[in-house]
Structure formats: C-alpha cells, structure tokens
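J.: So the sequence shown is numbered by our numbering: it starts at 34 and just counts up by one. Glycine included, each C-beta is placed from N, C-alpha and C at the ideal position. Before I ask anything, let me first share the structure, which is written out below as structure tokens.
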Amino acid sequence: MKIPALLAACLAITSSLPAGEFGFSETFDKGPGSTAFEHFRTFDGEPSTFPYAPREGVNDSGAVGVSPGIGAQFWTGKQATPAEINLGVLPEGSTISTSVDLKVRPESDALTVLTLGFTLNVSASALTIERGKNVAGSLYRPEGSPSFVLRMRSDSTDLETLELAPDALMEGEWYRLVLVLQKAPANGEFKYSLTLYSIGSDGQSSPAVFNDGIRDITLTGVVDNGEVLDASAARWAIDARSSFDPALKALRGIVVIDNFTLTKTP
34 MKIPALLAAC
44 LAITSSLPAG
54 EFGFSETFDK
64 GPGSTAFEHF
74 RTFDGEPSTF
84 PYAPREGVND
94 SGAVGVSPGI
104 GAQFWTGKQA
114 TPAEINLGVL
124 PEGSTISTSV
134 DLKVRPESDA
144 LTVLTLGFTL
154 NVSASALTIE
164 RGKNVAGSLY
174 RPEGSPSFVL
184 RMRSDSTDLE
194 TLELAPDALM
204 EGEWYRLVLV
214 LQKAPANGEF
224 KYSLTLYSIG
234 SDGQSSPAVF
244 NDGIRDITLT
254 GVVDNGEVLD
264 ASAARWAIDA
274 RSSFDPALKA
284 LRGIVVIDNF
294 TLTKTP
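So this is what it looks like as structure tokens:
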C-alpha cells in the first residue's frame with residue numbers, strides 16, 4: 034500500500050512521547066494482532082474495536098471496516114494506553130498534518146461521521162457526545178439529509194461548516210480527509226485548513242482537492258484553543274461510524290477507512 038507524498042514521513046519532536054514517536058503512518062494491510070492494529074486502543078487500553086476489512090482498502094489491501102458505533106479510538110504507539118503528545122512545545126510556524134482515507138456508500142440519509150483530531154478527553158465519546166476539550170475536523174452526514182458536511186470544531190463550537198452538493202460523493206471512489214494546523218504567534222492559536230481530496234478508484238491517484246460541482250471542499254481559518262493546542266498531554270483520536278442502524282450499516286455512509294497519518298514539519 035502506498036501513501037502519497039502529500040504527507041511525508043513522520044518527524045520527531047520533544048514531547049511526552051519517547052524521541053522519534055511523534056507522528057505515525059499506519060496502514061492496515063494485516064488484520065488484528067498486526068502492528069497497525071496494536072497501535073490503536075480504546076480509551077481504557079483495551080484492544081481496538083476496529084473491525085478488519087480484508088481487500089477493501091486502498092489498492093485492494095487490508096483496511097478498517099466502519100461499524101455503527103465504534104467509539105473513539107486512540108493512537109498509543111508502543112504503549113498500552115492513549116499516547117500523550119506535547120503540543121505546547123511546538124515552535125511558531127510548525128505545521129501538523131493528519132489524514133485518513135475513506136470510502137462511502139452514499140445511499141440513503143442516515144447519520145454517518147468521520148472525526149479526527151486532538152482531545153484532552155479519554156472516553157469512548159471523546160470526539161462525539163463529549164465535545165469539550167477538542168480540536169477536530171469532521172466529514173459527516175446529518176440524519177435525514179442527502180448531503181455530507183465538512184466541519185471544523187473547537188470544543189463544542191462549530192467554527193465553520195460547508196455542505197456538499199447532494200450525492201456529490203461517489204461509491205467506489207476513495208477520498209482523503211486532511212486537517213492541517215499551523216502554529217501562529219499568539220498562544221493557543223493555530224491556522225487551520227480542513228480539506229477533502231479525491232484520490233481515485235484505487236486510492237493511489239495524486240490527491241486533488243474535491244470539487245462538488247459548485248466549489249472546492251475546504252475550510253480555512255484560525256482556531257484559538259490554548260487548553261488543547263498548548264497542552265502537554267493532548268491525544269490523537271478518531272471516531273468513525275457508518276450508521277447507527279446495524280441492519281443497514283453496509284448500505285449507508287462512511288464504510289471503510291485506511292491510511293492514518295500524523296506528521297509535523299519542520
């Protein structure tokens with residue numbers, strides 16, 4: 034499996050993690066018990082509840098299947114519990130990029146969501162119900178809507194949202210959700226961009242900003258959240274749900290995710 038050079042190899046920073054462990058590039062070519070699966074855990078250190086999806090990932094590789102209600106999964110690296118990342122030591126101008134590749138089955142109008150970012154919460158609902166103490170980006174579809182929405186969130190506040198044209202996302206195509214944060218001079222402030230890219234039917238095309246026929250699907254602005262972004266013990270987490278109706282999970286929403294990355298420059 035290839036991960037395009039849009040997000041380069043991980044670089045180390047001084048943090049709560051051992052040297053060299055800031056950032057990751059995780060594929061899921063092999064099933065539970067493999068390194069990638071072992072690097073993710075639930076909030077209490079139990080093995081990840083990600084279901085394995087053999088041959089459903091990028092270029093027909095292994096991937097993570099999305100179920101109706103997985104709950105937040107945390108990157109742990111080589112330890113058993115959610116890894117703490119010291120965002121407070123990042124120098125001005127540093128850029129953090131994090132991304133996940135995804136496939137959808139867009140039929141119907143059920144709630145579905147993919148959220149990724151940083152949180153101080155440690156619980157199954159860290160990025161969903163328990164929305165405080167987060168900086169995160171989402172691609173989601175509200176219950177009863179035919180349209181997906183791009184959303185940038187700080188704690189419980191939606192900083193900005195952008196609704197895609199109905200039925201803009203196509204079954205059989207791969208997309209990449211990318212959140213970029215660049216540290217600004219003021220404490221707690223980061224410039225952000227949250228962008229949806231198209232990466233083709235096999236997930237290996239050069240990323241192109243997705244356009245729904247009306248506009249490019251990207252959000253930009255400034256997030257001011259020192260509690261999270263200056264924290265010495267922030268955690269990277271992801272929450273992806275296909276539908277809250279188990280009988281229809283294979284027919285609705287975001288159903289496969291792959292290639293999780295977190296990088297920093299310089």
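1. Are at least three pairs of beta-carbons, each pair with one atom in the region 242 to 254 and one in the region 114 to 128, less than 8 Å apart?
2. Here's the rule I'm using: 16 or more other beta-carbon atoms within 10 Å means buried, otherwise exposed. How should S189 be labelled?
3. Leaving out the 5 sequence neighbours to the left and right, which residues in its chain are closer than 6 Å to G78 when beta-carbon positions are compared?
4. Spatial neighbours of P299 within its chain, please: CB distance less than 6 Å, with the 5 preceding and 5 following residues excluded, ordered by chain position.
5. Would DSSP call E59 helix, strand or coil?
6. To the nearest whole angstrom, what separates the beta carbons of A267 and F151, a pair I think is in contact under 8 Å?
7. Across the region 203 to 214 and the region 226 to 244, are there enough close Cβ pairs to call them in contact, namely three or more that are closer than 8 Å?
8. Whole angstroms is fine: what's the gap from S238's alpha carbon to I232's?
9. Starting from the N-terminal side, write out each stretch of the beta strand (DSSP E) that is 3 residues or longer and does not extend beyond the region 85 to 151.
10. For the region 192 to 208 and the region 153 to 166, state whether three or more C-beta atom pairs, one from each stretch, are separated by less than 8 Å.
11. Here's a check: name, in chain order, each residue in its chain whose Cβ is nearer than 7 Å to the Cβ of N258, leaving out the five neighbours to either side.
12. The ligand MN heavy atoms versus the CB of T228: any closer than 7 Å?
T.: Result, derived from the coordinates:
1. They do not touch, by the three-pair rule.
2. Your numbering for residue 189 matches position 156 in the sequence shown. With fewer than 16 other Cβ atoms within 10 Å, it is exposed.
3. In the sequence shown, residue 78 corresponds to position 45, counting from 1. Taken in chain order, the residues that qualify are A113 and T114.
4. Residue numbering aside, residue 299 sits at position 266 when the sequence shown is read from its first letter. For P299, where only same-chain residues beyond five positions count, there are no Cβ hits under 6 Å.
5. As a working note, residue 59 is residue 26 in the sequence shown. DSSP places E59 in strand when its eight states are reduced to three.
6. Taking the first residue of the sequence shown as 1, we reach residue 267 at position 234. Taking the first residue of the sequence shown as 1, we reach residue 151 at position 118. At roughly 4 Å, the Cβ-Cβ gap stays under 8 Å, so A267 and F151 are in contact.
7. yes
8. By 1-based counting over the sequence shown, the position of residue 238 is 205. By 1-based counting over the sequence shown, the position of residue 232 is 199. Rounded to the nearest angstrom, the two C-alpha atoms are 5 Å apart.
9. With a minimum length of 3 residues, the continuous beta strand (DSSP E) runs that stay inside the region 85 to 151 are 96 to 98, 106 to 108 and 128 to 138.
10. Touching, no.
11. Along the sequence shown, read from residue 1 onward, the residue named residue 258 stands at position 225. Counting only Cβ-Cβ distances below 7 Å, and skipping sequence neighbours, we find V168, S187, D188 and G221.
12. With respect to the ligand MN, the structure shown offers nothing to examine, as it has no ligands at all.
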